[in-house]
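Participant: Take a look at the following structure, please.
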Amino acid sequence: MFFTYLEDHIFMLLFDHTQVVAVKQLDKNGYQGNREFLVEILMLVLLKHPNLVELVGYCIEEDQRILVYEYMANGSLEDHLIDLPPDKIPLDWNTRIKIAVGAAKGLEYMHEIANPQVIYRDFKTSNILLDQDFNPKLSDFGLAKVSPSGDNSHVFTSVIGTYGYCAPEYIQIGQLSTKSDVYSFGVVFLELITGRRAVDNSRPPRERNLVSWAKPLLNHRKKFVLLADPLLDGDYPIKGLHHALTVAAMCLQEEPSLRPLMSYVVRSLECLITYSEPAERKNMKHYQMVDESNCII
């Protein structure tokens with residue numbers, strides 16, 4: 002048996018040189034309490050999907066709370082998007098879209114297919130884990146809630162979540178629904194496109210909140226190129242960028258009822274994965290879409 006620490010309270014364990022797992026030991030004095038621990042176990046037992054992390058096992062003994070997950074070799078999306086060291090290659094455009102589509106499929110399953118249907122409530126880059134092929138899987142379900150039936154929503158007196166990702170109706174009046182997750186997806190998708198944090202206090206005041214900075218630019222298609230991550234170095238399809246930002250803008254609408262279902266988001270983004278090679282990579286790096294008719298908005 003071999004183990005190595007990945008970060009505080011999380012380490013990698015190798016059994017008999019055959020199975021690698023990630024072990025998360027909850028801090029007895031930390032934020033995630035006993036209720037969140039039990040909710041996470043329940044959700045991962047009930048929910049099974051290729052884009053949700055798999056729970057291998059758990060331990061509840063005296064004051065020990067341990068979760069054992071499948072090991073995700075490439076860590077979290079946050080590790081590959083923000084504050085990259087000089088020797089780390091940035092994610093290319095197709096990999097970013099691949100991650101967005103997979104994460105969207107995870108939410109689609111939770112919202113529309115699972116029984117009971119579930120509100121994730123903590124969709125963010127640090128909770129999107131990546132395997133060796135950069136396939137994404139959602140993790141950390143301690144804040145998840147079973148979705149009410151129909152168009153109903155939960156109402157909470159206190160807001161639990163991560164600042165910068167929470168939908169405005171949840172922050173303002175405590176209203177929580179699957180459309181709150183759709184908003185959070187829009188924030189993460191903007192992070193994927195721009196390479197910026199949801200909240201970055203190191204930036205000038207008007208640029209610290211990603212959504213507040215991006216929304217004026219999203220109203221002008223000619224300014225869409227200003228939203229592309231400089232680390233992409235122009236190596237993206239201009240029509241694909243426009244299409245992706247249009248989907249992000251739909252998810253970020255203030256009125257929850259105007260945001261799309263995640264199944265619609267999945268169908269809208271799947272067509273962005275396939276491209277032909279750039280015609281003139283030397284002078285113009287923009288890809289061309291193979292079949293725009295497959296894309297829906």
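Take 2 as the starting number for the sequence shown in this note's numbering and just add one per residue.
Even glycine gets a Cβ: it sits at the ideal position worked out from N, Cα and C.
Only a predicted model underlies this, so the values are computations on that prediction, with no experimental measurement involved.
For Gly-103, which three-state DSSP category applies?
Facilitator: Reading the sequence shown from its first residue, position 102 is the one you call residue 103. Gly-103 falls in the helix class under three-state DSSP.
Participant: Across which residues does DSSP place Asn-202 in a beta bridge pair?
Facilitator: Here residue 202 is taken as the residue at index 201 of the sequence shown, counted from 1. DSSP output for Asn-202 lists no bridge partner at all.
Participant: Just reading off the beta strand (DSSP E) that Val-21 is part of, what are its end residues?
Facilitator: In the sequence shown, the residue the question calls residue 21 occupies position 20. From DSSP, the beta strand (DSSP E) with Val-21 extends over 20-26.
Participant: How about Glu-109 and Met-251: are their beta carbons less than 8 Å apart?
Facilitator: Walking along the sequence shown from the start, residue 109 turns up at place 108. Walking along the sequence shown from the start, residue 251 turns up at place 250. Cβ atoms of Glu-109 and Met-251: not closer than 8 Å.
Participant: So for Tyr-276, helix, strand or coil by DSSP?
Facilitator: Here residue 276 refers to the residue found at position 275 when the sequence shown is read from its first residue. No answer about Tyr-276 holds up, because its pLDDT of 48 lies below 50 and its placement is not dependable.
Participant: What is the DSSP secondary structure of Glu-208, counted as helix, strand or coil?
Facilitator: Numbered from its first residue, the sequence shown carries residue 208 at position 207. Glu-208: helix per DSSP, three-state reduction.
Participant: Which partner residues does Cys-60 have in the DSSP bridge list?
Facilitator: The sequence position of residue 60 within the sequence shown is 59, counting from 1. DSSP output for Cys-60 lists Ile-67 as bridge partner(s).
Participant: Measuring only the C-alpha atoms, how far is Val-317 from Gln-173?
Facilitator: Shown here, the chain extends from 2 to 298; a query on residue 317 therefore has no answer.
Participant: If I follow the unbroken alpha helix (DSSP H) through Lys-240, where does it start and stop?
Facilitator: Residue numbering aside, residue 240 sits at position 239 when the sequence shown is read from its first letter. Unbroken alpha helix (DSSP H) run through Lys-240: 239-252.
Participant: Is Gln-133 helix, strand or coil by DSSP?
Facilitator: Walking along the sequence shown from the start, residue 133 turns up at place 132. Coil at Gln-133, not helix or strand.
Participant: For Ser-185 and Asn-116, what's the separation of their Cα atoms in angstroms?
Facilitator: Residue mapping note: residue 185 aligns to position 184 of the sequence shown, counting from 1. Residue mapping note: residue 116 aligns to position 115 of the sequence shown, counting from 1. Answer to the nearest angstrom: the Cα atoms are 22 Å apart.
Participant: Please go through the same chain and pick out, in chain order, the residues whose beta-carbon is closer than 8 Å to the beta-carbon of Asn-35, but skip the five residues on each side of it.
Facilitator: Position 34 of the sequence shown, counted from the first residue, corresponds to residue 35. Closer than 8 Å at the Cβ level, and outside the excluded window around Asn-35, lie Arg-66.
Participant: When you measure from the CB of Asp-236 to every non-hydrogen atom of the ligand MG, does any distance come out below 7 Å?
Facilitator: With respect to small molecules bound, the structure shown includes none, and the ligand MG cannot be examined in it.
Participant: What are the boundary residues of the alpha helix (DSSP H) that His-81 is part of?
Facilitator: Along the sequence shown, read from residue 1 onward, the residue named residue 81 stands at position 80. Residues 78-82.
Participant: Per the DSSP calculation, Lys-138 is bridged to which residue(s)?
Facilitator: Residue numbering aside, residue 138 sits at position 137 when the sequence shown is read from its first letter. Its beta-bridge partners are Leu-130.
Participant: Find out if the Cβ-Cβ distance for the pair Leu-68, Lys-25 is shorter than 8 Å.
Facilitator: For the purposes of this step, residue 68 is taken as the residue at position 67 of the sequence shown. For the purposes of this step, residue 25 is taken as the residue at position 24 of the sequence shown. Against a cut-off of 8 Å, the Cβ pair of Lys-25 and Leu-68 comes out as a contact.
Participant: DSSP three-state label for Ile-42, please.
Facilitator: In the sequence shown, counting from the first residue as 1, residue 42 sits at position 41. In this structure, Ile-42 counts as helix in the three-state DSSP scheme.
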